[in-house]
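Chains A and B, in that order, give the protein sequences. If you count by this note's numbering, then the first sequence holds residues 123 to 259, one letter each, in order. If you count by this note's numbering, then the second sequence holds residues 1345 to 1540, one letter each, in order. Heads up, the beta-carbon is just placed ideally off N, CA and C, and yes, glycines get one too. Down below is the structure, laid out as structure tokens.
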Amino acid sequence: MLKEFKVLKLLLPFLIPYIILYAIYIQLNGEVSPGGGFQAGVIFATALIAYDLVFGQDKLHKYFSVNTLVICGVLGVAIYAGTGVISLIHDEAYLNYSAISHDAIHGQHVGIFLIELGVGLTVAAIMCLIYSLLSEE
Amino acid sequence: MQDFFEIPFKISFQVDELLLSIAALVMVITCLRLIVSKSLTESIIVMSVFSLFIGICYLFMDAPDVAMTETALGACLSTCVLLNLVKIVGEEGETPQRSKIIFASILCLVFIVTLSWASFDLPLFGTEDSPLQTHLTKYYLENTRTDIAIPSVVAAILASYRGYDTLGETTVILIAGLAVLVILSRKKQSRERKNA
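Written out as structure tokens, the structure is:
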């Protein structure tokens, strides 16, 4: 759609790394600053979609095919659910992260980091999937 | 000494409120612009602008998480998806009948009156003693420091206190994506069968 705009084509390669960096920053600093897995996933998907809009769909379909995206989405939910199972094994309530480590607070930190990772992976994959499915026609 | 510290706080509070009012006014103007827009692409762009300004409003109301989500999802992602849909559906739809337009306008007016009437019962923005703030919110604010020990209370509620809700939310997003995949691939299959 935006393939004719030369200025965009020149500028976007400079912008996309910073958008992805911002997504990673939000993902890793979810416990300290505003944002979290969901926001990071959406921003990451935004970077991929911006590339797709300007440079065409071939490369996005090559590296992020429908199968890959579905696998990533399922993997995210699996990470989340698996984190809960760890506490089940340690004889605690499901999704009680205090059981993950010997120190209860450290366990909470690790658990929150893991589930944010799962949420981010799922959201990024699914947003990208919906976009690329609708743009295939 | 105390006055010296209090004055900047008061000024910044008023500036916040002024900017919030300006953003809300722009939102109303955007809605009016949306009513008179002629084509689908124009409507989508105006809706994107509306999302951007409601995101700014959230930022001034001290909800950066919601502002971030609204800007990324409402102003950016959904606009791209809808623009792709316009490519599929086509720019021009059929013009609706006059009776349908009148019916829709009456329905909108009824909704506006009902919602405005209901909004008088809501607690004012930022009141401390509303029922919402006195029970669970108080518990979360007091115990996050000792239970979880992370600075962001929102992340603590979302990930730890309300872990089940977030798990369900993530699963819903996955199912939504898979549903789109199933519906569109079935359409493509039937089209290929027709061509063959």
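For A/Gly198, which three-state DSSP category applies?
-> The answer is helix: DSSP assigns A/Gly198 an H, G or I state.
Out of B/Ser1463, B/Ala1493, B/Glu1438, B/Phe1464, which has the shortest C-alpha to C-alpha gap to A/Ile227?
-> The candidate whose alpha carbon is nearest that of A/Ile227 is B/Ala1493.
Taking only runs of the alpha helix (DSSP H) that begin and end inside the segment 1352–1413 of chain B, which ones reach a length of at least 4 residues, in chain order?
-> Runs of the alpha helix (DSSP H) inside the segment 1352–1413 of chain B: 1384–1404, 1408–1413.
If the cut is a Cβ gap below 7 Å, which residues of chain B does A/Gln179 touch?
-> Chain B residues near A/Gln179: none, gap ~10 Å exceeds 7 Å.
On the three-pair Cβ rule with 8 Å, is the segment 128–147 of chain A touching the segment 160–176 of chain A?
-> Cβ pair count under 8 Å is three or more, so yes.
Alpha helix (DSSP H) containing A/Leu134: first to last residue?
-> Per DSSP, the continuous alpha helix (DSSP H) segment holding A/Leu134 begins and ends at 128–150.
In or out: B/Cys1424 buried (at least 16 other Cβ within 10 Å) or exposed?
-> The residue is buried, with at least 16 neighbouring Cβ atoms inside 10 Å.
Counting only runs that start and end within the segment 1421–1457 of chain B, where is the alpha helix (DSSP H) found for 4 or more residues in a row?
-> Complete alpha helix (DSSP H) runs here, min 4: 1422–1433.
How would you call B/Val1546, buried or exposed, if buried means at least 16 neighbouring beta carbons within 10 angstroms?
-> Coverage of chain B is limited to positions 1345 through 1540, which leaves residue 1546 of chain B absent and any answer about it impossible.
Using a Cβ cut-off of 8 Å, pull out every chain B residue sitting near A/Ala203, in sequence order please.
-> Those are Leu1511, listed as they occur along chain B.
The alpha helix (DSSP H) spanning B/Ala1523 covers which residue range?
-> Note, B/Ala1523: alpha helix (DSSP H), 1507–1539.
Continuous alpha helix (DSSP H) stretch holding B/Ala1493: start and end | In the DSSP assignment, B/Ala1493 falls outside any alpha helix (DSSP H) and carries neither an H nor an E.
For A/Asn218, which three-state DSSP category applies?
-> The three-state secondary structure of A/Asn218, taken from DSSP, is coil.
Rounded to whole angstroms, what's the CA-CA distance from B/Val1370 to B/Thr1490? Just pull it up for me.
-> Looking at the two C-alpha atoms, the distance is approximately 43 Å.
What does A/Ser187 touch in chain B if you count any residue whose Cβ is under 8 Å from its own?
-> By Cβ distance, chain B contributes nothing, its closest Cβ being about 12 Å from A/Ser187, past 8 Å.
So which of A/Phe177, A/Gln161, A/Leu150 has the shortest CA-CA distance to A/Leu130?
-> Out of A/Phe177, A/Gln161, A/Leu150, the CA that lies nearest to the CA of A/Leu130 is found in A/Phe177.
Is A/Asp213 helix, strand or coil when you go by DSSP?
-> Here DSSP, grouped into helix, strand and coil, assigns A/Asp213 to coil.
How about B/Leu1502 and B/Thr1515: do their beta carbons lie closer than 8 Å?
-> The answer is no: Cβ separation not under 8 Å.
Under three-state DSSP, which class holds B/Leu1468?
-> Coil at B/Leu1468, not helix or strand.
Looking at the unbroken alpha helix (DSSP H) that takes in A/Gln230, where does it start and where does it end?
-> Going by DSSP, A/Gln230 is part of the alpha helix (DSSP H) stretching over 226–256.
Classification of A/Asp174 by the beta-carbon crowding that lies within 10 angstroms, buried from 16 upward | Around the C-beta of A/Asp174, 16 or more other C-beta atoms lie within 10 Å, and the residue is accordingly described as buried.
Run the CB neighbour count on B/Leu1453, radius 10 Å, all protein chains shown included, and call it buried at 16 or more, exposed below.
-> Looking at its Cβ environment, which holds fewer than 16 other Cβ atoms inside 10 Å, B/Leu1453 is exposed.
Starting from A/Ile223, find everything on chain B with Cβ-Cβ shorter than 8 Å and list it in chain order.
-> The amino acid at residue 223 of chain A is misidentified as Ile; the sequence shows Ser. Under the 8 Å cutoff, chain B gives no residues; its nearest Cβ is about 13 Å from A/Ser223.
So, helix, strand or coil for A/Glu153, using DSSP?
-> In this structure, A/Glu153 counts as coil in the three-state DSSP scheme.
Quick one: what's got a C-beta closer than 7 Å to B/Ser1504's C-beta in the same chain, skipping five residues either side?
-> These residues qualify, in order along the chain: Ile1492.
Counting only beta-carbon atoms, is B/Ser1496 nearer than 8 Å to chain A?
-> By this cut-off, B/Ser1496 is an interface position.
B/Met1390 at chain A interface by Cβ criterion, 8 Å | The amino acid at residue 1390 of chain B is misidentified as Met; the sequence shows Val. Chain A contact via Cβ: absent.
Cβ of A/Pro156 less than 8 Å from any chain B Cβ?
-> Yes, because at least one Cβ of chain B sits closer than 8 Å to the Cβ of A/Pro156.
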